[in-house]
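Asks: Chains F and V, in that order, give the protein sequences. Going by numbering that gives the first Met the number 0, the first sequence opens with residue 0, and the numbers climb by one from there. Going by numbering that gives the first Met the number 0, the second sequence opens with residue 0, and the numbers climb by one from there. My structure is below; once you've seen it, I'll send some questions.
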Amino acid sequence: MAAVAPQRTAAREPTSTWRLGDRAALTACWACGLALCALAAAICVFMLVKGLQYLRPELLWTHPVSGADQAGSGGFLDPMIGTVVLTSLGTVLSLPLGVGVAVWVVEYGRPGWLARAVESAVEVIAGTPSIVLAIFGLLLFQQKVLGFLSFQAAGGAVFGRSFFAAGAMMSLIALPLVFASTREALQSVPQHVREASYALGKTRIATIRRVLLPAARPGIATGTALGMGRIAGDTAIVVILLGATLQLSPADGPPLVRDLKGTGSTLTSYVYNNSPAGEGNAAEKAYAAAFVLLGIVIALNLVIDRISRRGGALSWTR
Amino acid sequence: MDEMTVPPVRRIALDHEPTVVLPPVNGNGPAQAPAGLARRRPAEPIPVRDRMALNGLSVRYGDQVAVRGVSLNVRQGEVLALIGPSGCGKTTLLRTLNRLTELTPEARRDGRIVLDGEDVDGLDVTELRRRVTMVFQQPNPFPMSVFDNVAYALREQARKRPGRAALAAPVEQALRRAGLWEEVGEDLARPALRLSGGQQQRLCIARALAARPEVLLLDEPCSALDPLSTAVIEDLVVELRRDLAIVIVTHNLQQAARIADRVAFMYLGELIEEGAAAQVFGAPRVTRTRDYVRGAFG
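This is how it looks when you write it as structure tokens:
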């Protein structure tokens with residue numbers, strides 16, 4: 000009797016045997032993915048074309064001035080500096096706060112009700128629209144006690160708008176992102192790694208500093224990158240709390256403090272003002288500035304991606 | 000005494016063959032041990048000295064009793080293996096020796112543990128854990144370089160931290176004792192998590208040795224490793240018992256037979272039987288021990 004070679008069945012069921020609804024749903028999912036790629040490509044290509052069309056190098060190093068037509072209104076040096084300063088300030092404020100809160104919640108978190116309250120508080124901040132944060136910030140920083148953080152008129156009236164004020168509110172935008180990714184990173188460190196440190200006679204605080212924070216570094220970097228992107232991209236807080244003045248306008252005091260107490264604008268508010276919807280109505284400059292903003296944010300993401308990958312994607316077996 | 004019964008090798012039942020190969024009872028010993036289950040044991044005897052003494056030790060997690068009235072001595076010059084089925088309290092007992100169970104809020108301990116004549120409750124917990132260090136089931140090097148991992152225990156938390164130059168010698172020594180120096184000595188700056196699993200576990204042993212402990216606790220150190228890495232670590236453990244007391248928890252009876260001098264069998268939180276490895280495996284006094292080492296349950 001000749002041996003019959005066993006017939007192998009197909010590893011996967013061919014989709015032609017599927018129900019019509021399932022096939023339609025699969026096609027729809029596939030089309031959604033494709034559409035998303037197309038959308039991302041469209042944004043990049045559109046900004047690239049428009050940006051390169053209108054971006055002249057001198058725009059990058061000339062101060063903006065008020066002018067009747069686009070040829071005479073200068074470049075956007077000040078908004079660029081504003082974006083960098085405000086993003087740095089917001090990050091510097093949110094990073095220790097977010098990491099500190101996450102470390103407390105994950106590593107201590109007692110009493111439990113307080114930890115839950117802290118997490119809810121962060122969620123409330125994350126859910127607050129930035130325009131609401133901006134209005135709240137204006138209320139806060141116009142108080143007399145906080146007058147030293149912004150321009151103060153001779154009569155004692157507090158302007159309430161400055162890099163300090165805007166940076167403080169911007170840090171609240173980045174805070175939930177830094178907090179969430181740090182918490183995730185700490186939670187993904189297996190318990191036996193902590194115990195290994197305790198078992199060598201290390202205290203809890205030494206374990207956090209020497210083992211857990213280095214382990215959470217990629218997570219912290221990711222959260223920071225996301226937070227920086229959000230700060231660089233926010234407009235509401237800039238318009239309301241930074242004054243959105245055309246040029247950087249320092250207040251009084253020693254250098255740096257003087258600048259941070261003063262007002263200014265960022266690329267987002269510049270784009271808004273120069274878009275057809277804004278007072279400036281210089282659409283060409285808006286496109287050029289939007290292109291630069293996109294470039295800054297993407298570059299920022301690449302840098303932080305590099306930092307977080309240093310040491311490679313290493314992890315423990317659980 | 001070298002003539003000892005090795006634990007049986009379990010087989011899958013085929014055509015009504017017995018599922019367990021039963022060695023003869025009463026310690027008369029089989030004619031010869033199966034090949035490959037030889038003891039990793041140098042011939043000359045090693046002086047033995049008491050390091051730790053456990054007296055009436057019980058551990059509860061809430062209402063659950065994990066360890067019940069265990070009294071046991073841990074000696075330098077011997078490898079003590081804790082064996083028993085899952086959930087019998089071996090790991091809890093091990094973790095109690097360096098007060099690691101105290102990290103679990105609901106854990107309660109009764110009984111005395113004495114380390115070199117001192118009650119461990121009277122010792123500063125960080126000092127105790129430097130004297131009684133531990134290696135875990137999963138290799139868990141810290142996310143830093145090989146050098147920093149080994150130097151970790153040596154770097155004090157106080158202001159005066161020893162410099163890199165001062166640490167180089169003890170780090171090298173610890174890596175040599177763990178048999179890792181030949182493999183990593185060239186590049187100590189390499190991230191520890193890039194090493195292979197077996198190397199990572201030996202690094203964890205080196206890290207635990209760097210503190211110059213008196214007792215080394217091993218919690219199933221080979222369960223995540225391949226046979227070759229396991230063999231290297233077993234040789235290492237047998238060698239290390241000259242300088243310090245070693246307690247190893249293992250699920251693997253053959254491993255206990257290969258490396259242990261003394262074996263303690265635990266069941267449902269109680270210490271059922273403790274004695275020389277040859278006696279526990281060859282002529283167990285208690286029926287339950289005999290059933291376990293023969294593979295009747297567990």
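Cβ coordinates follow ideal geometry from the N, Cα and C atoms, glycine included. Since the structure is predicted, the reported quantities are computational estimates derived from the model, not experimental observations.
Against chain V, which members of the segment 211 to 228 of chain F pass a CB distance test of less than 7 angstroms?
Replies: Here the close residues are Pro213, Ala214.
Asks: Between Gly126 of chain F and chain V, is there a C-beta pair that is closer than 8 angstroms?
Replies: Here the question's residue 126 of chain F lines up with position 127 in the first sequence. Chain V contact via Cβ: absent.
Asks: Tell me where the alpha helix (DSSP H) around Val285 of chain V begins and ends.
Replies: Looking up residue 285 of chain V in the second sequence gives position 286. Neither: Val285 of chain V is in no alpha helix (DSSP H) and is coded neither H nor E.
Asks: Specify, as a first and last residue, the run of the beta strand (DSSP E) that Asp147 of chain V falls within.
Replies: If you number the second sequence from 1, residue 147 of chain V lands on position 148. Where Asp147 of chain V is concerned, there is no enclosing beta strand (DSSP E), although the alpha helix (DSSP H) it sits in stretches over 145 to 150.
Asks: Using the beta-carbon count (16 or more within 10 Å), is Glu122 of chain F buried or exposed?
Replies: By 1-based counting over the first sequence, the position of residue 122 of chain F is 123. Result: exposed.
Asks: If we ignore side chains and look at the alpha-carbon of each, how far apart do Ala34 of chain V and Lys89 of chain V end up?
Replies: As a working note, residue 34 of chain V is residue 35 in the second sequence. As a working note, residue 89 of chain V is residue 90 in the second sequence. Because Ala34 of chain V sits at a pLDDT of 40, beneath the cut-off of 50, its placement in the model cannot be relied upon, and the following sentence gives the value as read from the coordinates. Approximately 29 angstroms between the Cα atoms of the pair.
Asks: Using a Cβ-Cβ cut-off of less than 7 angstroms, give me the residues of the segment 71 to 82 of chain F that come near chain V, in sequence order.
Replies: Listed in sequence order: no entries.
Asks: According to DSSP, Gln75 of chain V sits in a beta bridge with which residue or residues?
Replies: As a working mapping, residue 75 of chain V is identified with position 76 in the second sequence. Gln75 of chain V is bridged to V:Arg48, V:Ala244.
Asks: Let me know the secondary structure DSSP gives Pro138 of chain V once reduced to three states.
Replies: The residue given as residue 138 of chain V occupies position 139 in the second sequence. Coil at Pro138 of chain V, not helix or strand.
Asks: At which residues does the beta strand (DSSP E) containing Gly110 of chain V begin and terminate?
Replies: Within the second sequence, numbered from 1, the residue matching residue 110 of chain V stands at position 111. 106 to 114 is the span of the beta strand (DSSP E), which, as asked, contains Gly110 of chain V.
Asks: Are there three or more Cβ pairs, one per stretch, closer than 8 angstroms when the segment 122 to 134 of chain V is compared with the segment 186 to 194 of chain V?
Replies: No, because fewer than three Cβ pairs between the segment 122 to 134 of chain V and the segment 186 to 194 of chain V fall closer than 8 angstroms, the two stretches do not touch.
Asks: Please say whether Leu266 of chain F and Thr82 of chain F have beta carbons closer to each other than 8 angstroms?
Replies: The residue given as residue 82 of chain F occupies position 83 in the first sequence. The residue given as residue 266 of chain F occupies position 267 in the first sequence. For Thr82 of chain F and Leu266 of chain F, yes; Cβs fall inside 8 angstroms.
Asks: Using three-state DSSP, classify Gly323 of chain F as helix, strand or coil.
Replies: Given a span of 0 to 317 for chain F in the structure shown, any question on residue 323 of chain F remains unanswerable.
Asks: At 9 angstroms on the CB atoms, spell out the chain V contacts of Ala116 of chain F, in chain order.
Replies: For the purposes of this step, residue 116 of chain F is identified with residue 117 of the first sequence, where counting begins at 1. Going along chain V, no residue has its Cβ under 9 angstroms from Ala116 of chain F, so there is no contact; the nearest lies around 20 angstroms.
Asks: For chain V, find out if any of its Cβ atoms is closer than 8 angstroms to the Cβ of Val98 of chain F; answer yes or no.
Replies: Here residue 98 of chain F corresponds to residue number 99 of the first sequence, with the count starting at 1. Output row for Val98 of chain F: interface = no.
Asks: Select from the segment 167 to 186 of chain F all residues with a C-beta closer than 8 angstroms to any C-beta belonging to chain V, and list them in chain order.
Replies: So nothing in the stretch comes that close.
Asks: So, under 8 angstroms CB-CB, Asp21 of chain F and Gly263 of chain F are touching, yes? Tell me the CB distance rounded to an integer number of Å.
Replies: Position 22 of the first sequence, counted from the first residue, corresponds to residue 21 of chain F. Position 264 of the first sequence, counted from the first residue, corresponds to residue 263 of chain F. Contact doesn't hold; Cβ gap of about 56 angstroms is too wide.
Asks: Select from the segment 124 to 138 of chain V all residues with a C-beta closer than 9 angstroms to any C-beta belonging to chain F, and list them in chain order.
Replies: Those residues of the segment 124 to 138 of chain V that come within reach of chain F (Cβ to Cβ, closer than 9 angstroms) are Val124, Thr125, Glu126, Leu127, Arg128, Arg129, Arg130, Val131, Thr132, Met133, Val134, Phe135, Gln136, Gln137, Pro138.
Asks: Should Asn27 of chain V be labelled buried (16 or more other beta-carbon atoms within 10 Å of its own) or exposed?
Replies: Position 28 of the second sequence, counting from 1, holds the residue named residue 27 of chain V. Because the pLDDT at Asn27 of chain V is just 43, under 50, the model does not fix this residue reliably, and the point stays unresolved.
Asks: Can you list, in chain order, the residues of its chain with a C-beta nearer than 6 angstroms to that of Val270 of chain F? Leave out the 5 residues immediately preceding and following it.
Replies: Taking the first residue of the first sequence as position 1, residue 270 of chain F is located at position 271. Answer for Val270 of chain F: Ala285, Ala288, Ala289, listed in chain order.
Asks: To the nearest angstrom, how far is it from the Cα of Val24 of chain V to the Cα of Ala277 of chain V?
Replies: The sequence position of residue 24 of chain V within the second sequence is 25, counting from 1. The sequence position of residue 277 of chain V within the second sequence is 278, counting from 1. Unreliable placement is indicated for Val24 of chain V, whose pLDDT of 44 sits below 50; the coordinate value is still reported in the next sentence. Their Cα atoms are separated by approximately 13 angstroms.
Asks: Quick one: what does DSSP say Gln6 of chain F is sitting in, helix, strand or coil?
Replies: On the first sequence, residue 6 of chain F is found 7 positions in, with the first residue counted as 1. Gln6 of chain F: coil per DSSP, three-state reduction.
Asks: Consider the Cβ of Arg206 of chain V: report whether some Cβ of chain F lies at a distance smaller than 8 angstroms.
Replies: Position 207 of the second sequence holds residue 206 of chain V. With 8 angstroms as the cut-off, Arg206 of chain V counts as an interface residue toward chain F.
Asks: Give the list of continuous alpha helix (DSSP H) stretches no shorter than 4 residues that lie fully inside the segment 143 to 209 of chain F.
Replies: Runs of the alpha helix (DSSP H) inside the segment 143 to 209 of chain F: 162 to 186, 190 to 197, 203 to 206.
Asks: With H, G and I counted as helix, E and B as strand and the rest as coil, what does DSSP make of Ser195 of chain V?
Replies: Counted from its first residue, the second sequence places residue 195 of chain V at position 196. Ser195 of chain V falls in the coil class under three-state DSSP.
Asks: Please classify Leu153 of chain V as buried or exposed, where buried requires at least 16 neighbouring CB atoms within 10 angstroms.
Replies: Here residue 153 of chain V corresponds to residue number 154 of the second sequence, with the count starting at 1. Buried: at least 16 other Cβ atoms inside 10 Å.
Asks: Comparing C-alpha positions only, which one of V:Val145, V:Glu181, V:Leu179 sits nearest to Leu166 of chain V?
Replies: On the second sequence, residue 166 of chain V is found 167 positions in, with the first residue counted as 1. The shortest C-alpha separation from Leu166 of chain V is found at V:Val145.
Asks: What residues from chain F crowd round Pro226 of chain V, counting only those whose CB sits closer than 8 angstroms?
Replies: What you label residue 226 of chain V is simply residue 227 of the second sequence in a count that begins at 1. Simply none; closest approach about 18 angstroms.
Asks: For Ser87 of chain F, name the three-state secondary structure that DSSP assigns.
Replies: In the first sequence, counting from the first residue as 1, residue 87 of chain F sits at position 88. DSSP places Ser87 of chain F in helix when its eight states are reduced to three.
Asks: At a Cβ threshold of 8 angstroms, is Leu301 of chain F touching chain V?
Replies: Locating residue 301 of chain F in the first sequence gives position 302, where the first residue counts as 1. Not an interface residue.
Asks: Rounded to the nearest angstrom, how far is the Cβ of Ala195 of chain F from that of Ile303 of chain F, given a contact under 8 angstroms?
Replies: Locating residue 195 of chain F in the first sequence gives position 196, counting from the first residue. Locating residue 303 of chain F in the first sequence gives position 304, counting from the first residue. At roughly 29 angstroms, the Cβ-Cβ gap does not stay under 8 angstroms, so Ala195 of chain F and Ile303 of chain F are not in contact.
Asks: What span of residues does the alpha helix (DSSP H) with Val262 of chain V cover, start to end?
Replies: If you number the second sequence from 1, residue 262 of chain V lands on position 263. From DSSP, Val262 of chain V is part of no alpha helix (DSSP H) but of the beta strand (DSSP E) over 261 to 266.
Asks: By alpha-carbon positions, which one of V:Arg163, V:Val214, V:Arg59, V:Asp118 ends up nearest to Gln75 of chain V?
Replies: By 1-based counting over the second sequence, the position of residue 75 of chain V is 76. Of the candidates V:Arg163, V:Val214, V:Arg59, V:Asp118, the one whose C-alpha sits nearest the C-alpha of Gln75 of chain V is V:Val214.
Asks: Between the Cα of Thr244 of chain F and the Cα atoms of F:Val44, F:Val3, F:Phe162, F:Ala39, which residue gives the shortest distance?
Replies: For the purposes of this step, residue 244 of chain F is taken as residue 245 along the first sequence, with counting starting at 1. Cα-wise, what sits closest to Thr244 of chain F is F:Phe162.
Asks: Find the residues of chain V that neighbour Ala192 of chain F, judging by a C-beta separation of less than 8 angstroms, and give them in chain order.
Replies: In the first sequence, the residue the question calls residue 192 of chain F occupies position 193. The displayed chain sequence assigns Val, not Ala, to residue 192 of chain F. Those are Asn139, Phe141, listed as they occur along chain V.
Asks: For Val104 of chain F and Arg115 of chain F, I'd like the C-alpha separation in whole angstroms.
Replies: Stepping through the first sequence from its first residue, residue 104 of chain F is reached at position 105. Stepping through the first sequence from its first residue, residue 115 of chain F is reached at position 116. Those two C-alpha atoms are separated by around 8 angstroms.
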